[in-house]
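J.:
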Amino acid sequence: MMLAAVPGFDGNQTALNPVGPGAAHIEFEFSLIFWITTAVYCIVLLTLVISIARKRHSLSVIPSPIPTTPESDRTARRSVAAAMIATIVLLFVMLVGSFETSRALGSMNPGNAVPIDVYGHQWWWEVQYPNDEAYKTVVTANEIHVPVGVPIRIHGTSRDVIHSFWAPNVQGKRDLMPGYETEVLMQVDQPGRWRGQCAEYCGEQHAHMSFYIVGESKEQFTQWLSDQAQSAVPPSTPQAAHGQQVFLTHACVLCHTIRGTPAGSRVGPDLTHVASRATIAAGELPNTIGNLGGWIMNAQAIKPGCRMPPNQLPGSDLQDLLAYLETLK
Amino acid sequence: MITTSVESQAELTEAERLQAMQLEHVWREPSGVVGWFKAAHHTTIGKRYFVTAMLFFLIGGLLAGVMRLQLAFPEAHFLSNDKYNQFFTMHGSTMMFLFAVPMMFETFSVYLVPLMVGTRNIAFPRLNAYSYYLYAFGGLMFYVAFLCNTGADRGWFSYVPLAGPDYGPGKRPDFWAQLITFTEVSALAVAVEIIVTVFRLRAPGMSLKRIPIFVWGQVVVAFMVIFALPGIVLSSTMLLLDRTCGTQFFNPAVGGDVLLYQHLFWWFGHPEVYLIFIPGTAIISTIVTTFSRRHVFGYLVLVLALVATGFMAFGLWVHHMFATGIPQIAESYFTAASMMIAIPTGAQIFCWIATMATGKVVLRTPMWWAIGFSFTFIMGGMTGIFVASVPVDLQVHDTYFVVAHFHYVLIGGAVFPLFGAISYWFPKVTGRMMSERLGQLSFWLFFIGFNVTFFPMHLVGIRGMPRRVYTYPPNMGWTRLNQVESVGYVLLFVAVLILLWNMIKSARSGVIAGPNPWSAGTLEWATTSPPPHYNFLHLPTVNGREALWDAAPNQPVVVGLAEDARSFLTTRTLDAEPDGRDEFPAPSIWPFWAAAATSLAFVASIFTPWGITLGSIPIAITMIGWFWPDRQPAERRRAREIWPSE
Amino acid sequence: MAERVDRAVLDVSKLTTVGFGMHSMTWWGIMGMMAIEGTVFLLMIASYFYLHSRSVEWPPHRNPPDLFWGTLNLGLFLVSAIPSEWYRRRARKGDVRAVQIGLVAVSLFGIANIVIRYFELLHLNTDWSIDAYGSAVWTLMGLHVLHLLTDVVDTVVLTILFFTSLVEGKRFQDAEENAAYWYFVVGFWIPIYLVIYWAPRWLHA
């Protein structure tokens, strides 16, 4: 309903296009406040304008001050009192609406929620799907697949400064803070790719710290999860094998993990299934060979100040590396 | 029945002319370059505050202009990310710490309150001078750092850990934290001066219920300053200590807590916005009264609303932290409190409308700004309800929606009243009227420009654009709105230029104003324009809330104060009956030296802990010099002392 | 020259020029300072307890500050109220000699307090850079040290002033206000002492 007020756009990354109960409850309260405040604003300003128009003194000399009579002030007293009462009543309506919305949000059933851990980093999102059996734990970055229609319990903290996890189509935001473990329930009822962005200023590349929540059917999700839990496919072509060598003998291993290889650093995003992701650089660039190549060669040109140094690889090495990374689906 | 004490020089009797000469001699400001640094009269210091605060407003506005240029195009590179982060931090910090409070509170209270209560100077005049120098030095330090590529870049609230030792390398957050120290001491000093001026220096007859609403507003703000500023004193000190001395206040690994910073900051930060807004309402009450030609409707309600707002402002601060995951009961309380503060504010608005509806409305430039205030501030108040509600706030917090909200309440609630106040009191300060024509033009341009710039921000925030982003991707649906906003800036820029031109031109060649061009009721209009350094030829007594409108046909004036010294009268706090006589100190160079020593210590402590320890020695020396009495005045006073007969 | 009707006047020439307490301008200034600094102290104490609420062990891995020096200072502070109150009352009567003696006495007390404060700092059993507890303890102490040092310097300067020929009514007002400010420094030591020395012992559940 509110979309009508905000003309023509695709409805991604907005609170006015709720795809889950969290954002839907909030949108209701937003509409309630919107209509009441719009009406109040119009009435009050209209009263102001009419008062001035009726009482306007149009001569150029400023008239003497007029004494105040109890009579004129009696009407004024009654009007002001009435306005005060109306204000208080309307405030209470909006307040109760707010409490109801909070209650509805708090009553989302955590019962069989899918647990997902999100760790904020400068300037990317580490995502883990914990499992009681450790070898089934999925570690990925910036792309969060969820089954449609099932509650999700996001458990979050930050590995450095304060970030804020915010996917407006789905739910209100929650700050991820070092020293604090926070939990927020959400649910996606519509399949699709729903964009989110960090909403707490976190330094040089705060502007380029996005993520996607990918809502898919339960079957697709289960398939995706088990695929992600697998170690990386060993390279099957000589080019890919050489690419893996490039990876293992350059600065890449200092920060990135590819499960199934000796590379196990947790400083940067896990790349075990990097080719399965639709975007790179925390939701900023489509995951194409060209973009990936540019990113590897000089991430600083795309996200100046980010933690990834430039890698001046000879052309052939870069091609082989990209060929290898392409196999990591 | 309007009676003013002095219409013009021609109407003085011979005795009065001699008296004026004597007062002029005693109260003259020292001349020459050195003399400039000794000045201690409140009108002099008030004008300096105005010019400095205005300068920072313009600089802050220019910073915003560059930001708008950057944001007009997706993935633009006019500014690097590093520069943009400095720009938005400098913009916010300048506007909040170097413009808004110094202008709305310090400038207006320092210049007007002593005149409005009918005394010759502000309480503690040398402290007043000291507070100005400290403010100016602090602003200077902040911008010298910026010009050396060391401008603060962690946002105007400088959250930890981003601003802490681990993630904020270099000195940028240290300069931010020290700016706070300069401006906080300055504001606290003025707060004490205003409270003492209003409590002890009111004209006889100005009982509590005859104090002008403007003065009530500034007193409420002064009390708020005293209890709110300590929050940021502590948070910025802890930040500096963590960064320079190795304390661990905000390090979660050893028991520190990042939210401690936020609680302390917002304990100050929420009242801060009311420090800016309440003087705005005080100005509007004054303008509405004068231009509706009647006593303001609902004086008691207005005063109670000001006091209630002052108290309630301290109970809202966690609404800036709704996204941190606070317990539900805290959420409910802070939502309720944040909505309920609309009640006293609403009461004020309704009283103003009632005043206009039952008066005779004279539409001059100040009144237009008051109307513009209503359209703008009330819109901001409406969006405030959105952000007061926790669930809605969780969607709009840290987006351009909230940027729109606070610009509507801050520009609506402070800048519109400021421009109205400028056109209203310009005649008093300079003796000349501003141009009505240029005033109307700048008003309409500013009003339209403001809405073109800031209204779309509601929409782009609801469309998902977060704040503090130096750029954005091209296909988000944000581009067009950003471009509209940037065009709006041009209108604002032109409007402000016209306003400045109006001020400059009118100061030189505007129509002569006379003592009371608006036929207003408060005491500042009972003296010449501009006021002499002794403020009033005869210290007035008061018979009603609008002193000039309610004066008796032969309203008494005060006599019996020594004429060869800077004498003043103290009156009792509640009923303003005469209480005692006292003397203001002579102008002095010590406040300047003390401010220089203090500034040196503050700046040095950014670089070394010895800055405070060794730096305290020059501070002690200058303070002792300041307070050490002069022989001749001491002997003169001793000869004439009258002690209480206890 | 205008024809002037005789103006009604309010003659204030018989009013006092010296006033104490609420009748003194600087008294209000001092009260303002106390409100400000008192709020700073209260917020710092609140921060101490906030950090405690976020900790498991308090103090973490160490002993609370030794009781001896702090309690000695508390005793000395409380005793200093006697000469302080005495000279404050005599100041209201304009008794130069009494104020001189009283100021010297309170100056000596103040210097003794500073010396003992030095030993207190040596026995806090923590350092400000070790953890948040240490930072909180040292900062709370540091705030009080700042007030103690500046007040003793103020007192010494006023003492010297009272031995010059510059004494007049205003200086007796200063003397009363100096006593009042000393009460503030002493008075706030009581809750700060309890927080630093006793809170860790009482909260140690």
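Chains as they are written, first to last, in the working numbering: chain A, 1 to 329; chain B, 1001 to 1646; chain C, 2001 to 2205. Cβ atoms here follow ideal geometry from the backbone N, Cα and C, with glycine treated the same way.
#1: Which residues in chain B sit within 8 Å of C/V2040, going by Cβ to Cβ distance?
#2: Taking the runs of the alpha helix (DSSP H) that are 4 residues or longer, which of them lie wholly in the stretch 1385–1433 of chain B?
#3: Which residues, in chain order, does the stretch 1060–1080 of chain B contribute to contact with chain A at a C-beta distance below 9 Å?
#4: So is A/T279 in contact with chain B if we call contact Cβ pairs under 7 Å?
#5: From this set, B/F1088, B/F1124 and B/P1474, which residue's C-alpha is nearest B/F1627's C-alpha?
#6: Scan the stretch 1322–1352 of chain B for residues whose Cβ lies nearer than 9 Å to a Cβ of chain A and list them as they occur along the chain.
#7: Do the stretch 1184–1204 of chain B and the stretch 2022–2029 of chain C make contact, defined as three or more Cβ pairs closer than 8 Å?
#8: Which value, in whole angstroms, describes the spacing of the CA atoms of B/P1161 and B/C1245?
#9: In angstroms with no decimal places, state the Cα-to-Cα distance between B/R1048 and B/F1105.
#10: Is A/C255 near the ligand ATP, with its Cβ less than 6 Å from a heavy atom?
#11: Is there a Cβ from chain C that is less than 7 Å from the Cβ of B/V1006?
#12: Do you know whose CA, among B/A1562, B/I1213 and B/G1439, lies nearest B/Q1022's CA?
#13: If we ignore side chains and look at the alpha-carbon of each, how far apart do B/D1174 and B/T1345 end up?
#14: Give me the residue from B/F1097, B/T1522 and B/F1373 with the minimum Cα distance to B/V1113.
#15: Closest to B/V1220 by C-alpha separation, out of B/L1134, B/I1278, B/V1110 and B/I1512, would be which residue?
#16: Expressed to the nearest angstrom, what Euclidean distance is found between the alpha-carbon atoms of B/M1141 and A/Q205?
#17: Per DSSP, which residues does A/T140 bridge with? Please list them.
#18: Along the alpha helix (DSSP H) that carries C/Q2173, what are the first and last residues, could you check?
#19: Can you say whether B/L1418 is buried or exposed, counting buried as having 16 or more other CB atoms within 10 angstroms of its CB?
#20: Pick out the complete alpha helix (DSSP H) segments inside the stretch 88–135 of chain A, 4 residues or longer, and give them in chain order.
#21: Between C/M2025 and chain B, is any beta-carbon pair separated by less than 7 Å?
#22: Are B/V1557 and B/A1203 close, meaning C-beta to C-beta below 7 Å?
#23: Have a look at the DSSP bridge pairing and note the partners of B/I1512.
#24: What number of angstroms, rounded off, separates the C-alpha of B/M1116 from the C-alpha of B/A1547?
#25: Quick one: is B/N1085 buried, meaning 16 or more other Cβ sit within 10 Å of its Cβ, or exposed?
#26: Would you decide whether B/N1554 is buried or exposed? Buried here means 16 or more other CB atoms lie within 10 Å of its CB.
#27: So what does DSSP say about B/P1633, is it helix, strand or coil?
#28: Which value, in whole angstroms, describes the spacing of the CA atoms of A/D317 and A/Q300?
#29: Decide yes or no for the touch test of the stretch 1375–1384 of chain B against the stretch 38–46 of chain A: beta carbon pairs closer than 8 Å, at least 3 of them.
#30: Which stretch, first to last residue, makes up the alpha helix (DSSP H) that contains B/M1141?
#31: For B/T1003, decide whether its Cβ has a neighbour in chain A, counting only Cβ atoms nearer than 7 Å.
#32: Since B/I1378 meets chain A, which of its residues come closer than 8 Å, beta carbon to beta carbon?
#33: Kindly indicate the opening and closing residues of the alpha helix (DSSP H) around B/L1023.
#34: Taking A/P238 as the reference, give the member of A/Y324, A/V118, A/I62 and A/L32 with the closest Cα.
#35: Which same chain residues, not among the five before or five after C/A2008, have their C-beta less than 7 Å away from its C-beta?
#36: Between the alpha carbons of C/L2015 and C/A2175, how many angstroms are there, rounded?
T.: Looking at the atomic coordinates:
#1: P1230, V1233 and L1234
#2: 1390–1396, 1400–1410 and 1416–1430
#3: S1080
#4: no
#5: B/F1124
#6: F1322, A1323, T1324, G1325, Q1328, E1331, S1332, T1335, A1336, M1339, M1340, A1342, I1343, G1346, A1347, I1349, F1350, C1351 and W1352
#7: yes
#8: 16 Å
#9: 14 Å
#10: This structure lacks the ligand ATP, and indeed carries no ligand of any kind.
#11: Because the pLDDT of B/V1006 is 44, which lies under 50, any placement of that residue in the model is unreliable, and the number read from its coordinates should be weighed accordingly. No, because no Cβ of chain C sits closer than 7 Å to the Cβ of B/V1006.
#12: B/Q1022 has its Cα closest to that of B/A1562, out of B/A1562, B/I1213 and B/G1439.
#13: When rounded, the distance between both Cα atoms is 37 Å.
#14: B/T1522
#15: Checking every option, the nearest Cα to that of B/V1220 belongs to B/I1278.
#16: 27 Å
#17: A/V127
#18: Residues G2169 to Y2193.
#19: buried
#20: none
#21: Closer than 7 Å to some Cβ of chain B, the Cβ of C/M2025 qualifies, so yes.
#22: no
#23: B/R1432
#24: Answer to the nearest angstrom: the Cα atoms are 9 Å apart.
#25: buried
#26: exposed
#27: DSSP places B/P1633 in helix when its eight states are reduced to three.
#28: 20 Å
#29: yes
#30: P1125 to L1147
#31: Interpretation of B/T1003 is limited by its pLDDT of 36, a score under 50 that renders its predicted location unreliable; the figure taken from the coordinates is listed afterwards. Using beta-carbon distances, B/T1003 does not count as an interface residue toward chain A, since no partner is under 7 Å.
#32: Within chain A, the residues near B/I1378 are Y41, V44 and L45.
#33: Counting along the chain, the alpha helix (DSSP H) containing B/L1023 begins and ends at E1014 to W1027.
#34: A/Y324
#35: none
#36: 22 Å
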